[in-house]
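One structure below.
2 protein chains.
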Amino acid sequence: MVTDVQERLDEFVKACKSIGLKITPQRLAVYEVLLRRTDHPTVEEVYEEVRKLYPFVSLATVYRTVETLEELGFISKVPYWGGSARYDANTSHHHHLICTVCGAIADVDLNINWEPPAYMKGYQVHRFSINIYGVCPKCQNSKT
Amino acid sequence: MVTDVQERLDEFVKACKSIGLKITPQRLAVYEVLLRRTDHPTVEEVYEEVRKLYPFVSLATVYRTVETLEELGFISKVPYWGGSARYDANTSHHHHLICTVCGAIADVDLNINWEPPAYMKGYQVHRFSINIYGVCPKCQNSKT
DNA sequence: TTGCATGCAAAGGATTTGCACTATC
DNA sequence: GATAGTGCAAATCCTTTGCATGCAA
Numbered sequence: 001m002v003t004d005v006q007e008r009l010d011e012f013v014k015a016c017k018s019i020g021l022k023i024t025p026q027r028l029a030v031y032e033v034l035l036r037r038t039d040h041p042t043v044e045e046v047y048e049e050v051r052k053l054y055p056f057v058s059l060a061t062v063y064r065t066v067e068t069l070e071e072l073g074f075i076s077k078v079p080y081w082g083g084s085a086r087y088d089a090n091t092s093h094h095h096h097l098i099c100t101v102c103g104a105i106a107d108v109d110l111n112i113n114w115e116p117p118a119y120m121k122g123y124q125v126h127r128f129s130i131n132i133y134g135v136c137p138k139c140q141n142s143k144t
Numbered sequence: 145m146v147t148d149v150q151e152r153l154d155e156f157v158k159a160c161k162s163i164g165l166k167i168t169p170q171r172l173a174v175y176e177v178l179l180r181r182t183d184h185p186t187v188e189e190v191y192e193e194v195r196k197l198y199p200f201v202s203l204a205t206v207y208r209t210v211e212t213l214e215e216l217g218f219i220s221k222v223p224y225w226g227g228s229a230r231y232d233a234n235t236s237h238h239h240h241l242i243c244t245v246c247g248a249i250a251d252v253d254l255n256i257n258w259e260p261p262a263y264m265k266g267y268q269v270h271r272f273s274i275n276i277y278g279v280c281p282k283c284q285n286s287k288t
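Each protein sequence line maps, in turn, to chains X and E.
Read in order, the letters of the first sequence are residues 1 to 144 in the working numbering.
Read in order, the letters of the second sequence are residues 145 to 288 in the working numbering.
Dropping the structure here:
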């Protein structure tokens, strides 16, 4: 599932060096947590997990790091409106399955033979992503 | 573009009556504003516009009404993460073009010959929507 | 050493909620 | 007249920011 966490971390370190960002344990820890989780955690959830290793980190730092990672293109926000932002370290072209009951989000690869045109309604198009809404197995079972 | 505002309002009134919700000018005004706008306004923007007609309404009521409308399926949140939630009264199957610079959102109809399977990864699938990211005409021009 | 990054706490913005009052049914 | 809906203001939740200190380069 997660392709070479270490390799991705190395890339991140390289990127930081090349643009003059310092390599701090906090930054690495935040990215590593995101790499190891495929459930699109919130900043709060990342924070909880980073804290297990580095109890001194602050939420603000996690927010700042996540913003940096996003700007560098290492992670992205899941395009869905819930209570708080959810992040995804999977940068390959993929889509999301979203449970409309509990909000769980899973990645899906789809072989869709469709590419958006370069321009639509005057917009210069860069990429697209698909949200598929449904009910996850857990929520199907808990129906009474 | 907007298909029969009055007709849709009537449907809403009918729905309210059938489930015992009261018909108040605030509710109608909020829905009407949403029906007449195709630019996916925020709650704040809806509020500003409703206020022109009914200067006494409160933001809280707009929030509550928008929530009701969403639960009844008359409007939906645009699945994109920006500063605040944006709503859409277009309930036909359509997709969104999103400007990554200014956040503008436009509706698009796509003829995609793809239907999601009934089940994916155990999720029972209901519907899907596509976000297409790019740069809107306005932002293309303002590049220096 | 030289900043950039961090931690802390306070600020800010969006949204929700409690309560008394009002208006629809 | 009963009750759901509203307005107001306070509360809450999520996120950002200012500032002094600490650490990577």
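The beta carbon of each residue, even a glycine, is placed where N, CA and C say it ideally should be.
Taking CB distances under 9 Å as the criterion, tell me whether V66 (chain X) reaches chain E.
Here the question's residue 66 (chain X) lines up with position 66 in the first sequence. Chain E, which has no Cβ nearer than 9 Å to the Cβ of V66 (chain X), makes this no.
What are the residues of the region 126–143 of chain X that lie near chain E, defined by any Cβ-Cβ distance shorter than 8 Å?
H126, R127, F128, S129, I130, N131, I132, Y133, G134, V135, C136, P137 and Q140
Cβ contact (3+ pairs, closer than 8 Å) linking the region 57–73 of chain X and the region 233–253 of chain E
no
Which partner residues of A250 (chain E) appear in the DSSP bridge assignment?
Within the second sequence, numbered from 1, the residue matching residue 250 (chain E) stands at position 106. Paired residue(s): E:L241.
Enclosing alpha helix (DSSP H) for N90 (chain X) [first to last residue]
The count along the first sequence starts at 1 and reaches residue 90 (chain X) at position 90. No alpha helix (DSSP H) holds N90 (chain X); DSSP gives it neither H nor E.
Closest to P137 (chain X) by C-alpha separation, out of E:I274, E:P281 and E:G266, would be which residue?
As a working mapping, residue 137 (chain X) is identified with position 137 in the first sequence. Closest by alpha carbon: E:G266.
Might you give, ordered along the chain, the residues of its own chain that have their beta carbon closer than 8 Å to the beta carbon of N234 (chain E), omitting 5 neighbours on each side?
Within the second sequence, numbered from 1, the residue matching residue 234 (chain E) stands at position 90. Around N234 (chain E): T182 and D251.
Between which residues of its own chain and Y47 (chain X) is the CB-CB distance below 8 Å, once the five residues before and five after are set aside?
Within the first sequence, numbered from 1, the residue matching residue 47 (chain X) stands at position 47. Taken in chain order, the residues that qualify are V57, L59 and V62.
Whole angstroms are fine: how far does the CA of W81 (chain X) sit from the CA of V174 (chain E)?
For this step, residue 174 (chain E) is matched to residue 30 along the second sequence. For this step, residue 81 (chain X) is matched to residue 81 along the first sequence. Roughly 21 Å separates the two Cα atoms.
Looking at chain X, which residues of the region 222–236 of chain E have a Cβ within less than 7 Å of any of its Cβ atoms?
P223, Y224, W225 and A229
Excluding the five sequence neighbours on either side, which residues of its own chain have a C-beta within less than 8 Å of the C-beta of P25 (chain X), listed in chain order?
Position 25 of the first sequence holds residue 25 (chain X). Cβ within range, chain order: Y54.
Cross-chain neighbours of V108 (chain X) in chain E, by beta carbon under 7 Å
Working through the first sequence from its first residue, we reach residue 108 (chain X) at position 108. Chain E residues near V108 (chain X): M264 and K265.
Does Y224 (chain E) come out as helix, strand or coil in the three-state DSSP assignment?
As a first step, residue 224 (chain E) must be located in the second sequence, where it is residue number 80. In this structure, Y224 (chain E) counts as coil in the three-state DSSP scheme.
Output yes or no for whether 9 Å exceeds the beta carbon distance between L193 (chain E) and P185 (chain E).
Reading the second sequence from its first residue, position 49 is the one you call residue 193 (chain E). Reading the second sequence from its first residue, position 41 is the one you call residue 185 (chain E). The sequence shown places Glu at residue 193 (chain E), rather than the Leu named in the question. It is a contact, given that the beta carbons lie within the stated cut-off.
Could you check whether the Cβ of T100 (chain X) sits closer than 9 Å to any Cβ belonging to chain E?
Working through the first sequence from its first residue, we reach residue 100 (chain X) at position 100. So yes, T100 (chain X) belongs to the interface.
Could one say the Cβ of P116 (chain X) lies closer than 9 Å to chain E's Cβ atoms, at least one of them?
In the first sequence, the residue the question calls residue 116 (chain X) occupies position 116. Judged by the 9 Å Cβ criterion, P116 (chain X) is in contact with chain E.
Whole angstroms are fine: how far does the CA of F156 (chain E) sit from the CA of G164 (chain E)?
By one-based count along the second sequence, residue 164 (chain E) stands at place 20. By one-based count along the second sequence, residue 156 (chain E) stands at place 12. Spanning the two alpha carbons is a distance of roughly 12 Å.
Find the residues of chain E that neighbour Q124 (chain X), judging by a C-beta separation of less than 7 Å, and give them in chain order.
Position 124 of the first sequence, counting from 1, holds the residue named residue 124 (chain X). By Cβ distance, chain E contributes G278, V279 and Q284.
In whole angstroms, what separates the C-alpha of R171 (chain E) from that of K196 (chain E)?
Start at 1 with the first residue of the second sequence, and residue 171 (chain E) comes out as number 27. Start at 1 with the first residue of the second sequence, and residue 196 (chain E) comes out as number 52. If you take the alpha carbons of R171 (chain E) and K196 (chain E), they lie about 15 Å apart.
List in chain order: all unbroken alpha helix (DSSP H) runs of 4+ residues lying wholly within the region 40–68 of chain X.
43–53
Limits of the beta strand (DSSP E) - the one that N285 (chain E) falls within
Translated into the one-based positions of the second sequence, residue 285 (chain E) becomes position 141. Where N285 (chain E) is concerned, there is no enclosing beta strand (DSSP E), although the alpha helix (DSSP H) it sits in stretches over P281 to N285.
Just how far apart, CA to CA, sit L34 (chain X) and V5 (chain X)?
The sequence position of residue 34 (chain X) within the first sequence is 34, counting from 1. The sequence position of residue 5 (chain X) within the first sequence is 5, counting from 1. For L34 (chain X) and V5 (chain X), the distance between alpha carbons rounds to 10 Å.
DSSP puts S273 (chain E) in a beta bridge; with which residues?
Taking the second sequence and counting its residues from 1, one reaches residue 273 (chain E) at position 129. In the DSSP output, where bridge partners are listed per residue, S273 (chain E) has X:N131.
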